[in-house]
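Chemist: Numbering (the working numbering), first residue to last: 73 to 480.
Glycine included, C-beta positions come from ideal geometry on N, C-alpha and C.
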Amino acid sequence: MNTITIPRKSRLGHVLIPLPSSKSESNRALIIDALTAGDNQLSNLAEARDTQTMIRLLQEDPETLDVLDAGTTMRFLTAYAALTNRTKTLTGTPRMCERPIGILVDALRSLGADIEYLGVEGYPPLRTKGFSSQLTDRLQIRGDVSSQYISALVMNAPLLPKGLTLELTGKIGSRTYIEMTLELMKEFGVNYTFEGNIISIKPQSYQPTRFAVESDWSGASYWFSLLACAEEGELYLTGLKANSLQGDSQIVGIMDKLGVQSEFDPQGVRLTKKPIEGIDHIDFTHCPDIAQTVAVTCALLGRSCDFTGLESLRIKETDRIDALQRELAKIHAGLEERQEGVFTLVPSHHLPDRVQIHTYDDHRMAMAFMPLMAKMEVVFDDPEVVNKSYPSFWKHVSLLGVEPLIQQ
73 MNTITIPRKS RLGHVLIPLP SSKSESNRAL IIDALTAGDN QLSNLAEARD
123 TQTMIRLLQE DPETLDVLDA GTTMRFLTAY AALTNRTKTL TGTPRMCERP
173 IGILVDALRS LGADIEYLGV EGYPPLRTKG FSSQLTDRLQ IRGDVSSQYI
223 SALVMNAPLL PKGLTLELTG KIGSRTYIEM TLELMKEFGV NYTFEGNIIS
273 IKPQSYQPTR FAVESDWSGA SYWFSLLACA EEGELYLTGL KANSLQGDSQ
323 IVGIMDKLGV QSEFDPQGVR LTKKPIEGID HIDFTHCPDI AQTVAVTCAL
373 LGRSCDFTGL ESLRIKETDR IDALQRELAK IHAGLEERQE GVFTLVPSHH
423 LPDRVQIHTY DDHRMAMAFM PLMAKMEVVF DDPEVVNKSY PSFWKHVSLL
473 GVEPLIQQ
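#1: Between the Cα of SER297 and the Cα atoms of VAL366, ALA154, HIS404, which residue gives the shortest distance?
#2: Short of 8 Å in beta carbon distance, which residues of its chain neighbour ILE175, apart from the five on each side in sequence? Order them along the chain.
#3: Nearest to VAL240 by alpha carbon, out of VAL139, SER272, GLU193, LYS258?
#4: Going by the DSSP bridge assignment, what does VAL324 pair with across the sheet?
#5: Which of the three DSSP states, helix, strand or coil, is assigned to PHE356?
#6: DSSP has THR161 in a bridge; who is on the other side?
#7: Helix, strand or coil for PHE441, going by three-state DSSP, please let me know.
#8: Do GLN428 and PHE465 count as a contact pair if the criterion is CB distance below 9 Å?
#9: Whose CA, out of ASP111, PHE148, LYS160, SER115, lies closest to the CA of THR136?
#10: Taking DSSP as the reference, what is the three-state secondary structure of ARG167?
#11: Please state if the CB of GLY305 and the CB of LEU91 are separated by a distance shorter than 9 Å.
#12: Quick check: the Cα distance between THR344 and GLY350, rounded to an integer number of angstroms?
#13: Give me whichever residues DSSP pairs with ARG342 in a beta bridge.
#14: Considering just the uninterrupted stretch of the alpha helix (DSSP H) at ALA224, what are its terminal residues?
#15: Would ALA284 and LEU155 qualify as a contact pair, given that the criterion is a beta-carbon distance under 9 Å?
#16: Would you report the Cα separation of ARG100 and LEU256, rounded to the nearest angstrom?
#17: Using C-beta distances below 8 Å, list every residue in its chain close to HIS404, excluding the 5 sequence neighbours before and after it, in chain order.
#18: Less than 9 Å between the beta carbons of ASP138 and GLY164, yes or no?
#19: Could you tell me if the beta carbon of HIS430 falls within a distance shorter than 8 Å of some heavy atom in the ligand SAM?
#20: Reducing DSSP to helix, strand and coil, say where LEU207 ends up.
#21: With three or more beta-carbon pairs closer than 8 Å as the criterion, would you say the segment 444-459 touches the segment 308-327?
#22: For ASN74, which of SER470, PHE441, THR431 has the nearest alpha-carbon?
#23: Could you say which of PRO280, GLN479, GLN411, ARG392 lies nearest to ALA438 if we only look at CA atoms?
#24: Are the CB atoms of GLY194 and PRO172 nearer to each other than 9 Å?
#25: Measure the alpha-carbon distance for GLN364 versus ILE104 and round it to whole angstroms.
#26: Specify the secondary structure class of ILE429 as computed by DSSP and reduced to three states.
#27: How would you label LEU477, buried or exposed, when you count the other beta carbons within 10 angstroms and need 16 or more for buried?
#28: In this structure, how does DSSP classify GLN318 when only helix, strand and coil are distinguished?
#29: For ARG426 versus GLU399, is the C-beta distance shorter than 9 Å?
#30: Assign ASN228 to one of two classes, buried (16 or more other C-beta atoms within 10 Å of its C-beta) or exposed (fewer than that).
#31: Can you tell me the Cβ-Cβ gap for LEU225 and LEU238, rounded? I've got them flagged as a contact below 8 Å.
#32: Let me check understanding here. Comparing Cα to Cα, which of PHE336, VAL332, ASP361, PHE379 lies closest to ASP352?
#33: Please give the ranges of any beta strand (DSSP E) in the segment 364-400, keeping only runs that are unbroken, at least 3 residues long and fully inside the region.
#34: Based on DSSP bridge pairs, tell me the residues matched to GLY406.
#35: Among all the DSSP beta bridges, which residues are the ones paired with GLU267?
#36: Can you list, in chain order, the residues of its chain with a C-beta nearer than 7 Å to that of ALA440? Leave out the 5 residues immediately preceding and following it.
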């Protein structure tokens, strides 16, 4: 397996980072585009492997949709194929076939879709076999498992003969991702209501639209973290909006407490260092993808913090809670569940000079631990793992004036 070594760099200088586009926005826009009668003009689509996989599968329209390791692509294409009356087999990597999809399939079956599992019940691979008529216009679905199930359903809802009213039961996780989906639908001419835990969408048509995808706030979070951990520097991140639809833009408020000031202009955001205030508790319910980033930041800054809303991290590309605990231990930090659902970040007070980080086939494990370079030399295994969401990541690291060393 390849490795990449990043030398220590604690003083960053003034650096511009040309952030990649959001794969979350891109993948939603691509499904909406496929559901639109007429031609949209989409621009600035993400370079991420997940998005490129979505583009290829929608364009080529093969009988078997192999999504590789792309969770959003699996969930969005399952609903799209099932509710547009397509006969498709959906599969992916071994890890993808261990990630549950039963809640979404149950909902699609309730609507009238014919779907069978080809392996273990509740998991890919599966086969969509048709959609003859809509059996109901009202569904209940858990709100605390994956917002992608909900987004997959609501994007198809306008084209259902009876529309759809979706009641979200229990705690609603990643609400900002659901709101992003609905607001993107609105950009393409679809009206909705989202009041309390009820989403209602009447039968209607998407309208051809010009749409440019924003830069990726998940990708931005790693640069916030790096500056927070560095001794000095100033970073400029391109293509971000202060009023973003992306839930991970909450990193601005979190990092403001951890020593990073944000100043927006029409082209992006300038990050500068400021005194650290500290933060006692962070709820990641609506922004779970930045939890790893913040955990590493607090560990390096010597700041204890309680984390909640981490439930969905267990079913990501890896069990991210377990992976975090293992890798934080290498820098003498910890993530301890001292009461159910509440994890305490135990910071490091004795950092090593060098560490090797295992990435667990998880792009975010590699990128979240990149800020260690502000304090030590870091070796990452499987550097290509970042291609899932941010293929130019290591190239952008080199913009800091360091020379990453790739070894085979």
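Modeler: According to the structure shown:
#1: Taking only the C-alpha atoms, the option nearest SER297 is VAL366.
#2: Closer than 8 Å at Cβ, skipping near neighbours: ILE213, ARG214, VAL217, SER218, TYR221.
#3: Note that residue 240 is Leu in the sequence shown, not Val. Comparing Cα-Cα distances from LEU240 to each of VAL139, SER272, GLU193, LYS258, the minimum goes to SER272.
#4: Secondary-structure assignment with DSSP links VAL324 through no beta bridge to anything.
#5: The answer is coil: DSSP assigns PHE356 none of H, G, I, E or B.
#6: Residue pairing of THR161 in beta bridges, as defined by DSSP: THR136, ARG199.
#7: Of the three classes helix, strand and coil, the one that applies to PHE441 here is coil, per DSSP.
#8: No. Outside cutoff.
#9: Ranking ASP111, PHE148, LYS160, SER115 by Cα distance to THR136 puts LYS160 first.
#10: Here DSSP, grouped into helix, strand and coil, assigns ARG167 to coil.
#11: Not a contact, by the Cβ cut-off of 9 Å.
#12: Cα-Cα distance, rounded: 17 Å.
#13: ARG342 is bridged to TYR308, GLU335.
#14: It spans 219-228 - the alpha helix (DSSP H) in which ALA224 sits, taken as one unbroken run.
#15: Taking a C-beta distance under 9 Å as the contact criterion, ALA284 and LEU155 do not qualify as a contact pair.
#16: ARG100 and LEU256: Cα-Cα distance of roughly 8 Å.
#17: Within the same chain, HIS404 has close Cβ partners SER420, HIS421, HIS422, LEU423, PRO424.
#18: Yes. Within cutoff.
#19: Here there are no bound small molecules, and the ligand SAM is not part of this structure.
#20: Coil at LEU207, not helix or strand.
#21: They do not touch, by the three-pair rule.
#22: Closest option to ASN74, Cα to Cα, is THR431.
#23: For the set PRO280, GLN479, GLN411, ARG392, the Cα lying nearest the Cα of ALA438 is the one of ARG392.
#24: Yes, these two residues count as a Cβ contact at 9 Å.
#25: Distance between the alpha carbons of GLN364 and ILE104: 30 Å.
#26: Correct three-state label for ILE429: strand.
#27: When all chains shown are included, LEU477 counts as exposed.
#28: If DSSP states are grouped into helix, strand and coil, GLN318 belongs with coil.
#29: No. Outside cutoff.
#30: Per the 10 Å Cβ criterion, buried.
#31: Correct: roughly 6 Å between the Cβ atoms.
#32: The shortest Cα separation from ASP352 among PHE336, VAL332, ASP361, PHE379 belongs to PHE379.
#33: Correct list: 377-380.
#34: The partner list for GLY406 (beta bridge, DSSP) reads VAL418.
#35: BP columns for GLU267 point to ILE270.
#36: Excluding sequence neighbours, ALA440 sits near TYR294, GLN364, THR365, VAL368.
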